[in-house]
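Working notes, beginning with the structure itself.
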Amino acid sequence: MKKYKPLGSVVLLKNGTKRVMIYGRKQILASTGELFDYVACLYPEGNIGAEYTFLFNDDDIEEVIFEGYSDKEDLEFIKKFGEEND
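Residue numbering for the sequence shown follows our numbering, beginning at 70 and increasing consecutively.
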């Protein structure tokens, strides 16, 4: 099972110059049906509009700047989510 980064994690993407913050996991691009590991917004700006939303996969991450919050509930969700969807 894939280990997803916690929500709130701040990362720098490969070839990126601006940090982004993960706010969703396992996202589907509606126009193509393509599945991505994460959706993120600019950091520190936050979610300021759809044109500043980034879909990417774990292997697109160059560096984890900050790991977001994860607790027992989050870990149980990820486990269930992964079992149902992987």
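We treat Cβ as the ideally placed atom computed from N, Cα and C, and that holds for glycine. Values in this document were obtained by computation on a predicted structure and should not be read as measured data.
Rounded to whole angstroms, the separation of the alpha carbons of Thr86 and Arg94 is 22 angstroms. By the CB criterion at 7 angstroms, Glu136 and Leu81 fall outside the cutoff. In terms of Cα proximity to Tyr107, the closest of Asp140, Glu142, Glu114 and Val79 is Val79. Within a 10 Å sphere around the beta-carbon of Lys74 sit 16 or more other beta-carbons, which makes this residue buried. Of the residues assessed, Ala109 falls on the buried side of the cut-off, its CB having 16 or more other CB atoms within 10 angstroms. Annotation for Leu104: Ile97 place their beta carbon closer than 6 angstroms to its own, counting only its chain and skipping 5 residues before and after.
Using a Cβ distance threshold of 7 angstroms, Tyr121 and Met90 do not count as a contacting pair. Ile134 is positioned such that its CB atom lies closer than 7 angstroms to that of Arg88.
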